[in-house]
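Letter by letter, the sequence shown follows residues 26 to 297 in our numbering.
Below: the structure, in structure tokens.
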Amino acid sequence: MPETLRTANITATDADLLDQTAIAVRTAGSALRERFGEVVSHQSREELMRALAANDDTALAILHPRLTHLRPDAGWVEDELDGGALPPGEWWVVDPAEGNVNHLHGLPEWAVTATLVRDNQPVLTAVHLPLTGETYTALTGAGAYLDGRPLRVSRTADLALSIVATSQARPDEDDDVVRRVGSSITAMLFDALVVRTSVPATLHLLNVAAGRIDAFWQFAGARADLLPGALLVTEAGGQISDAEGRPWTPRSDSFLAAAPGVHAGAVATLSR
């Protein structure tokens with residue numbers, strides 16, 4: 026991540042704000058957990074989309090008033106698939122059900138996330154995994170934590186010894202992006218030890234921050250699925266860039282988060 030993401034102005038109340046944000050995502054996560062259970066078959070895309078929206082609405086009914094109360098003047102990103110830069114000022118970037126499709130299919134990989142962005146720099150983030158009860162938090166300049174325990178990226182220094190991961194940004198991706206994803210997976214299969222492919226991106230990035238996997242990349246993407254993990258990885262000592270090693274911003278068309286020892290190797294593989 027560019028150095029500017031580590032030097033955003035932090036107010037004295039940001040640590041308290043992070044604590045309250047963490048409470049909000051835990052509360053929303055509890056509501057989603059009550060809706061989690063048996064797999065329900067959907068007969069059409071429209072029916073599936075209604076079920077996804079119902080989960081989003083359940084969590085947003087809790088998150089929106091609580092986060093708005095914490096920062097009444099902050100903007101609100103309504104669509105978790107939106108990308109690009111935000112207007113100046115403070116914005117809440119929220120994914121009320123990150124990995125929503127997994128939730129509906131009875132899979133455990135889903136979460137609730139809330140990130141405060143200030144002048145396009147992520148200031149704080151809270152990610153809650155309701156099925157495990159884990160909460161990951163990060164505050165710019167103050168580190169990344171799992172339930173209060175500090176996180177550090179891995180010390181792996183050889184891509185050939187690395188577990189790496191990727192994800193798809195959205196279901197209806199551009200054809201060129203789909204081909205780029207496919208070729209990048211092939212390249213990593215040659216160069217890395219193990220390649221994992223699944224959604225959502227945030228859960229892979231939690232694992233990079235915790236040192237469980239060594240690198241994550243994605244082409245295209247949205248603010249809500251990259252900003253929380255980007256801040257967590259940076260505060261855990263990792264490196265953020267685009268796939269070619271250039272500074273990453275929400276406008277970038279690719280994203281790479283890696284342990285410092287394998288970042289250059291990952292860039293070389295993804296740039297072939």
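For each residue, glycine too, the CB sits at the ideal point set by N, CA and C.
(request) Apply the 10 Å Cβ neighbour rule to SER209 and answer buried if 16 or more other Cβ atoms are within range, or exposed otherwise. (result) Buried is the call here.
(message) Could you compute how far the alpha carbon of ARG60 sits from the alpha carbon of LEU132?
(response) Taking the straight line from one Cα to the other gives about 13 angstroms.
(request) Output the distance between the C-alpha atoms of PRO113 and PHE215, rounded to the nearest integer angstrom. (result) Computed Cα separation, rounded: 43 angstroms.
(message) For the structure I just gave you, are there three or more beta carbon pairs, one from the region 60-78 and one from the region 172-188, closer than 8 angstroms?
(response) The region 60-78, when compared against the region 172-188, does not touch it at the 8 angstroms Cβ threshold.
(request) Quick one: grab the DSSP three-state call for ARG195. (result) Here ARG195 carries a coil assignment [DSSP, helix/strand/coil].
(message) If the criterion is Cβ atoms closer than 7 angstroms, does the pair SER279 and ALA268 meet it?
(response) Going by beta carbons, SER279 and ALA268 fall inside the 7 angstroms limit.
(message) Considering Cα atoms alone, identify which of ALA40, ALA122, PHE244, LEU129 is closest to LEU88.
(response) For LEU88, the closest C-alpha among the options ALA40, ALA122, PHE244, LEU129 is that of ALA122.
(message) Three or more C-beta pairs under 8 angstroms: does that hold for the region 152-172 against the region 47-55?
(response) Judged by Cβ distances under 8 angstroms, the region 152-172 makes contact with the region 47-55, as three or more pairs qualify.
(message) Mapping the DSSP letters down to three states, classify THR138 as helix, strand or coil.
(response) DSSP places THR138 in the strand class (E or B) of the three-state scheme.
(request) Please classify GLY254: is it buried, with 16 or more other beta-carbons within 10 angstroms of its beta-carbon, or exposed? (result) GLY254 comes out buried.
(request) Return the CA-CA distance between HIS94 and GLN45, expressed in angstroms with no decimal places. (result) Going by C-alpha positions, HIS94 is about 10 angstroms away from GLN45.
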